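Student: Its first residue numbered 1, the sequence shown is counted upward by one per residue in the UniProt record's numbering. Just so you know, even glycine gets a beta-carbon here, dropped at the ideal spot from N, CA and C. Bear in mind the structure is a predicted one, so any value in this text is a computation, not a measurement. Could you have a look at this structure, given as structure tokens, before my questions?
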Amino acid sequence: MMAWVDDVLRTVRRTLRAPAAPDAARPLLPADDAAALIAQARGARTMPVSRPVGQRASGDSLSAWMGRGLDYAESRVYQPGDDLRDLHWRLLARTGKPYIKVHQEEHAPATHVLLDLHPGMAFGTRLRTKAEQAARMALLACATLALAAEGASGAMGLTLWRHVPRALDLGRGLPAMQRLARVLEQERVVPAAKSDLDAAPPDVAAAFETWAQRLVRTLPNGSRLVLVSDAAGWDVPGVDSALWALRSRAEVLVLLVRDPVEYALPSGDALAAATFVDLLQRQTGTLPGDDALRTTFTRLALQRRDALLARWRAHGLICLEAGVEQADSDVLRVLRQVV
1 MMAWVDDVLR TVRRTLRAPA APDAARPLLP ADDAAALIAQ ARGARTMPVS
51 RPVGQRASGD SLSAWMGRGL DYAESRVYQP GDDLRDLHWR LLARTGKPYI
101 KVHQEEHAPA THVLLDLHPG MAFGTRLRTK AEQAARMALL ACATLALAAE
151 GASGAMGLTL WRHVPRALDL GRGLPAMQRL ARVLEQERVV PAAKSDLDAA
201 PPDVAAAFET WAQRLVRTLP NGSRLVLVSD AAGWDVPGVD SALWALRSRA
251 EVLVLLVRDP VEYALPSGDA LAAATFVDLL QRQTGTLPGD DALRTTFTRL
301 ALQRRDALLA RWRAHGLICL EAGVEQADSD VLRVLRQVV
């Protein structure tokens, strides 16, 4: 029985069959909620800055805002969404290919967001599912970055990852934030289906490595990368190596989404009535509701979480964690401490 619990913890892909199961037709982020989140980020922009910027700004004092650099450093291949005013015209005339000038003291970095929407993210026992909370956190993070740059933020890209990654170019600045909101409004909460158990287990690590290798080749140096996921299947050496490669080119912000029962199983009839679905091992089962098992489950879950976060933070990744029941204002307050 302890081994079964350990498998559930290792895969972190559990779906609780409950009366509040998500409706497949429900939008990932309603339009009204998206507008409210952007308004919250806009209001928080005037709050006192909680930390100095990590780079030296031009002038004698640190600046809380971001903008364009002035000193030419290098040229790189043009990416969709780059500002045409930064085109290197001489290099274009010489090579026939568009290049962008990159400047030192660059405070308008590109931003790329990975939003994990695999079937296990359609799980939630509180206010919303993990997928819905992840969408809210992604929009809050991007809105905070775009508004902090006063409209001068760099190009923004998005990868939606259900079964395979799907990349989208959003443009730059405040219009990119609005496009992100529309994309999230059009996406749907897709719960785990029987076909997910019948299909071969996905190789999450290999898919993540392939995506990361492609992004490393195209992501401008000094960019920001926002990963929003429950990190299911990420606790493997292959994903670690991919994250270290991404960190060498970008500031990596990992936003982890959790549900309370992933750390503390319910007691009594609630646990007895629950069916756990392991999408990696393609198994289903139930757990007895004794206190010893619940205590062991919580201890192992917290140990795995703490070890994962400690390892990532030791390599320079910025890691934040939020539960599905956490208020948007609390998430925004924590984001402002690191963005």
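Provide the residue span of the alpha helix (DSSP H) that contains L243, from first to last.
Tutor: Looking at the DSSP string, the run of the alpha helix (DSSP H) that includes L243 is 237 to 247.
Student: Quick check on the DSSP output: the beta strand (DSSP E) that includes A250 runs from which residue to which?
Tutor: Run containing A250: 250 to 258, per the beta strand (DSSP E) assignment.
Student: Taking its Cβ as the centre, do 16 or more other Cβ atoms sit within 10 Å of A322, making it buried, or is it exposed?
Tutor: The residue is buried, with at least 16 neighbouring Cβ atoms inside 10 Å.
Student: Under the DSSP definition of a beta bridge, which residues are partnered with L320?
Tutor: DSSP, once it has assigned bridges, lists L255 as partnering L320.
Student: Count the other CB atoms within 10 Å of the CB of G166; is the residue buried (16 or more) or exposed (fewer)?
Tutor: The sequence shown places Arg at residue 166, rather than the Gly named in the question. Answer is exposed; the Cβ neighbour count stays below 16.
Student: Could you spell out where the beta strand (DSSP E) holding G157 opens and where it closes?
Tutor: First-last of the beta strand (DSSP E) with G157: 155 to 161.
Student: Out of L92, S75, F123, I38, state which residue places its alpha-carbon closest to the alpha-carbon of V277.
Tutor: Checking every option, the nearest Cα to that of V277 belongs to F123.
Student: For L307, count neighbouring C-beta atoms within 10 Å of its own C-beta (all shown protein chains included) and say buried if the count is 16 or more, exposed if not.
Tutor: The question names Leu, yet the displayed sequence has Ala at residue 307. So A307 counts as exposed.
Student: Quickly, what does DSSP pair D278 with across the bridge? List them, please.
Tutor: Q283, per the DSSP bridge assignment.
Student: Less than 8 angstroms between C-beta atoms, sequence neighbours within five positions excluded: which residues of the same chain meet that for E185?
Tutor: Cβ within range, chain order: P27, L28, L29, P30, A31, A34.
Student: Compute the distance between the beta-carbons of L91 and R162, then report whether it is under 7 angstroms.
Tutor: Taking 7 angstroms as the Cβ cut-off, L91 and R162 do not qualify as a contacting pair.
Student: Is the stretch 168 to 175 touching the stretch 211 to 229 in the sense that three or more CB pairs, one from each, lie closer than 8 angstroms?
Tutor: The stretch 211 to 229, when compared against the stretch 168 to 175, does not touch it at the 8 angstroms Cβ threshold.
Student: Would you kindly report the start and end of the unbroken alpha helix (DSSP H) that includes R313?
Tutor: Looking at the DSSP string, the run of the alpha helix (DSSP H) that includes R313 is 291 to 314.
Student: Counting pairs of beta carbons, one from the stretch 95 to 103 and one from the stretch 289 to 298, are three or more of them closer than 8 angstroms?
Tutor: The answer is no - the stretch 289 to 298 does not touch the stretch 95 to 103, with fewer than three Cβ pairs under 8 angstroms.
Student: Compute the Euclidean distance between the alpha carbons of G43 and M177, then round it to the nearest angstrom.
Tutor: Each residue's Cα considered, the two are about 15 angstroms apart.
Student: Rounding to the nearest angstrom, what Cα-Cα distance links V204 and A36 in this structure?
Tutor: Between V204 and A36, the C-alpha separation is close to 34 angstroms.
Student: Could you give the residue range of the beta strand (DSSP E) that holds S229?
Tutor: First-last of the beta strand (DSSP E) with S229: 223 to 229.
Student: My guess is that L253 and V338 are in contact by the Cβ rule of under 8 angstroms, so how many angstroms apart are they, rounded?
Tutor: The pair is a contact, with the Cβ atoms about 7 angstroms apart (cut-off 8 angstroms).
Student: Between which two residues does the beta strand (DSSP E) harbouring G233 extend?
Tutor: From DSSP, G233 is part of no beta strand (DSSP E); its letter is neither H nor E.
Student: For the stretch 297 to 315 and the stretch 246 to 266, state whether three or more C-beta atom pairs, one from each stretch, are separated by less than 8 angstroms.
Tutor: Verdict: yes, contact present.
Student: Quick check: what's the CA-CA separation for L246 versus P80?
Tutor: Roughly 20 angstroms between the two C-alpha positions.
Student: Would D133 pass as a contact of V324 if the rule is Cβ separation under 7 angstroms?
Tutor: Contrary to the premise, residue 133 reads as Gln rather than Asp in this sequence. Against a cut-off of 7 angstroms, the Cβ pair of V324 and Q133 comes out as a contact.
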